[in-house]
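Colleague: Once you've had a glance at the structure underneath, I'll fire off some questions.
Residue numbers (this note's numbering), protein chains in the order written: chain A, 754 to 820; chain B, 4 to 138.
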């Protein structure tokens, strides 16, 4: 699954650790999701969407590789 | 196996694991010493002493299960579960192959109490590899 996490983070000037803290997960989790190596569950995807104030579809896109 | 940012579930697991292994070392030493130096007459006492070292290892199995239940970080839970499956698979593979070698090929007897050790090493190695792959 492709995603726009890296771009969205950069827009807000957040590090992976900053985002991890907001999501209450480890930095490794954010990294694995961001690089497309790990697809989050629906509850975590909704949490990510909430943190950015966007919908899931605005962050995650169908596809194979990480964005 | 501890990450750099250990969360409460991971910390509890580490504490339980270290406590169990410390108990294992102490109990094994005590049980072996007693059985060699002053073995009790009653069968039931000897059996109790013989099985005592296994109890903390059962505690480790419980701690692994408890960690999977208590971990709130789904990614860490997933990598831990993957490592657990690799560890169990490797242990089954090793003991099955060795069992046939022993039974049909005349290989030396592999002590069953070391199966847990095989599992722990296999799972630990798998966890390192899996975390490295997701790095």
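All C-beta atoms in this analysis are idealised placements derived from N, C-alpha and C, irrespective of residue type, glycine included.
Answer yes if the region 761-776 of chain A comes into contact with the region 50-59 of chain B, meaning at least three C-beta pairs across the two stretches below 8 angstroms, and no otherwise.
Modeller: They do not touch, by the three-pair rule.
Colleague: Hey, could you find the ends of the alpha helix (DSSP H) residue 796 (chain A) is sitting in?
Modeller: 795-805 is the extent of the alpha helix (DSSP H) around residue 796 (chain A).
Colleague: With 8 angstroms as the threshold, decide whether the Cβ of residue 814 (chain A) is near any Cβ in chain B.
Modeller: Cβ-Cβ to chain B under 8 angstroms: no for residue 814 (chain A).
Colleague: Please classify residue 813 (chain A): does DSSP put it in a helix, a strand, or coil?
Modeller: Strand at residue 813 (chain A).
Colleague: 8 angstroms is my cut-off, CB to CB: does residue 77 (chain B) come that close to chain A?
Modeller: With 8 angstroms as the cut-off, residue 77 (chain B) counts as an interface residue toward chain A.
Colleague: Going by C-alpha to C-alpha distance, which of B:14, B:99, B:97, B:130 sits closest to residue 70 (chain B)?
Modeller: Of the listed residues, the one whose Cα sits closest to residue 70 (chain B) is B:14.
Colleague: Quick check on residue 141 (chain B): does DSSP put it in helix, strand or coil?
Modeller: Chain B is shown from 4 up to 138; residue 141 (chain B) falls before or after that span and cannot be answered.
Colleague: Flag residue 10 (chain B) as yes if its beta-carbon sits less than 8 angstroms from any beta-carbon of chain A, otherwise no.
Modeller: Taking Cβ atoms only, chain A reaches closer than 8 angstroms to residue 10 (chain B), which makes this a yes.
Colleague: For a contact meaning CB atoms closer than 7 angstroms, what does residue 778 (chain A) contact in chain B?
Modeller: Ordered by position in chain B, the residues that pass the 7 angstroms Cβ test against residue 778 (chain A) are 76, 78.
Colleague: Just to check, is the beta-carbon of residue 122 (chain B) closer than 7 angstroms to a non-hydrogen atom of the ligand ADP?
Modeller: Among the components modelled here there is no ligand, and therefore nothing to report on the ligand ADP.
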